[in-house]
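What follows is the structure, encoded as structure tokens:
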């Protein structure tokens, strides 16, 4: 029986040279790590393909030394590929020693429908036809089906599989729900390259070929051997098994476990997802029953905070419908805005009381979604809020259909944790259309989002700003300020044209927003610190008449703006505390830069002093100072 081979299409004379760029969408700069990228995209694809009423189960296997393929065995699966990999212009950064055993990473899903669809579909069919999973997985990159409501929309997710391989290649074996035959193919993505004196296109396939058209391997003997060689568990169960040969060395068991927990804790705790990571004889299951015991058994420095976060998520998922505080619908066909009019008068008083007493709160937030040229749709999202005094910075998590969109955040209120969950179809579709290919951000200027919805950007901002705005509204009693939340918070303006002096006023945006003239803040606080203006910066020390000195001081700086909140409008090109010309000097204290325009100070003695210089002397500088704890000098 003739073995399947790898094949790249030979390019025609005069054909335009275009190298693939889709791998750039999954750089570690965007996703944080290669493990994050692989886990995010693999599990997302599996959740998309989940069958109704069934839990999606993922098994991720790191082979033991004796499970790795011997070099002579591995050669069976490199037939026709080696010459292309070794071409000088292939684009591979690091060479692979093919004389050593082949390492691989195996990712299998169960409880899914597999890659359904016509295996001979070449894309010539009417694009309004039913989605063909097989075609979109193997023969389509960067194009999504119009109107899809699945978690992924860019057709780019599977490119992370080849990006995770040191030979930019992967295999896939699928069994479909409607039949029992097993279909095996492979894909390699290089650059345009020359091999044996000929010029080849970037995309290569492993399988059977009709001229240059790749078809999957189906022969039982060949598929059986492939499954044995790569330790594949699948027999006749529907689903997809992905094999990444020669995986990047950055992908390790512990980093994969952390990625699973950080990105998919919500569907795991809801029981929709279970993940098992196998490494040789060791197996670690992550599901709703053993997630907490596993984290407790680790020595992770952040495990206590992680457990508190997951306990809150479990509480969120357990809330019955009657536990939700239901807000009013915003006006139809108008941009939704966060305002007290969304709350009933009696509801507002009750919520503020519960909020001040430290209760957890759950909100049902309705809004309208209006796709262009389609009927307006009623939708909603859910928001959950709790206080956690152990948080040095606020936490918020935005979850769309189970995926944690890690790059979205709106609130920094210390001691507050918020989870926003959007699973209702109209809103979930809108949010997904705004996501970047890596599914880490919501971008209102995204080409796949722009002009697709009437008031789309306003809806997007309404959801993104919901944690900050709900905290702002709840923390502002009827008279306009919250003395509890703002007792340690004040703003200082540094005007280079005036003598420096400490002033204090309520912020015009954020928690406790109000009119500075409405009421005086608590007395004596501003005099604790003495602020001195310097030519290009400032100096902070303890006021001589202060009775207490702060244990910690949190500073956030931004250049003033004509309109809006300067701290929200800060950009790293204004200044970066870790880069020249900014210079920081401290006496009697230690400090830690927590963001490009913010730092946290721990004082060690009453005569501490902090000096920061290097700011633009021609611009007004605003400083936000928080001093939560005091010591007696």
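Residue numbers (this note's numbering): 3 to 635.
Yeah, the Cβ is synthetic: ideal placement off N, Cα and C, and Gly gets one too.
Since we're looking at a predicted model, the values are computed, not measured.
According to DSSP, simplified to helix, strand and coil, what is residue i?
| i | result |
| --- | --- |
| residue 9 | strand |
| residue 391 | coil |
| residue 343 | helix |
| residue 15 | coil |
| residue 611 | strand |
| residue 535 | strand |
| residue 436 | coil |
| residue 471 | helix |
| residue 616 | coil |
| residue 541 | strand |
| residue 466 | helix |
| residue 451 | coil |
| residue 197 | strand |
| residue 20 | coil |
| residue 164 | helix |
| residue 477 | coil |
Measure the beta-carbon distance from residue i to residue j and round it to whole angstroms, keeping in mind my assumption that it falls under 8 Å.
| i | j | result |
| --- | --- | --- |
| residue 269 | residue 49 | 7 Å |
| residue 117 | residue 176 | 4 Å |
| residue 605 | residue 551 | 6 Å |
| residue 244 | residue 89 | In fact, because the Cβ distance is near 25 Å, the residues do not count as touching under 8 Å. |
| residue 335 | residue 372 | 7 Å |
| residue 412 | residue 467 | 5 Å |
Measuring only the C-alpha atoms, how far is residue i from residue j?
| i | j | result |
| --- | --- | --- |
| residue 403 | residue 418 | 23 Å |
| residue 575 | residue 593 | 22 Å |
| residue 87 | residue 232 | 21 Å |
| residue 582 | residue 616 | 8 Å |
| residue 68 | residue 38 | 27 Å |
| residue 424 | residue 166 | 30 Å |
| residue 600 | residue 125 | 51 Å |
| residue 478 | residue 559 | 24 Å |
| residue 603 | residue 364 | 34 Å |
| residue 174 | residue 246 | 9 Å |
| residue 531 | residue 623 | 17 Å |
| residue 442 | residue 309 | 23 Å |
| residue 239 | residue 222 | 15 Å |
| residue 481 | residue 474 | Only weak support is given to the placement of residue 481: the predicted model assigns it a pLDDT of 48, under 50, and the question is left unresolved by the model. |
| residue 75 | residue 85 | 18 Å |
| residue 263 | residue 250 | 21 Å |
| residue 358 | residue 421 | 19 Å |
| residue 447 | residue 409 | 16 Å |
| residue 154 | residue 429 | Confidence is the limiting factor: at residue 154 the pLDDT is only 44, short of 50, which leaves the residue's position unreliable and the question unanswerable from this model. |
| residue 198 | residue 179 | 42 Å |
| residue 555 | residue 367 | 36 Å |
| residue 170 | residue 163 | 8 Å |
| residue 507 | residue 562 | Bear in mind that a pLDDT of 39 at residue 507, under 50, signals an unreliable position, so the number given afterwards is only what the model happens to contain. Distance between the alpha carbons of residue 507 and residue 562: 15 Å. |
| residue 568 | residue 185 | 57 Å |
| residue 456 | residue 112 | 39 Å |
| residue 394 | residue 416 | 6 Å |
| residue 207 | residue 220 | 15 Å |
| residue 122 | residue 217 | 7 Å |
What residues match up with residue i in a beta bridge as DSSP calls it?
| i | result |
| --- | --- |
| residue 296 | DSSP lists no partner for residue 296. |
| residue 184 | 177 |
| residue 383 | 367 |
| residue 398 | 420 |
| residue 457 | Residue 457 is not bridged to any residue. |
| residue 191 | 205 |
| residue 291 | The partner list for residue 291 (beta bridge, DSSP) is empty, contrary to what the question assumes. |
| residue 375 | According to DSSP, residue 375 bridges with nothing at all. |
| residue 601 | 557 and 595 |
| residue 171 | 190 |
| residue 286 | 279 |
*Runs of beta strand (DSSP E) lying entirely within the region 199-284, each at least 3 residues, in chain order*: 200-212, 215-217, 241-247 and 275-281
*Can you list the alpha helix (DSSP H) stretches of 4 or more residues lying completely in the region 39-95, in chain order?*
73-76 and 84-87
*Every unbroken beta strand (DSSP E) within the region 405-430, with a cutoff of 3 residues, ordered by chain*: 418-424
*Report the residue ranges of all beta strand (DSSP E) runs contained in full by the region 95-139; include only those spanning at least 3 residues, in chain order.*
106-112
*Give, in chain order, every unbroken run of the beta strand (DSSP E) that is at least 3 residues long and sits entirely within the region 559-597.*
Correct list: 585-589 and 591-597.
*Taking only runs that begin and end inside the region 298-369, name each unbroken beta strand (DSSP E) of 3 or more residues, in chain order.*
none
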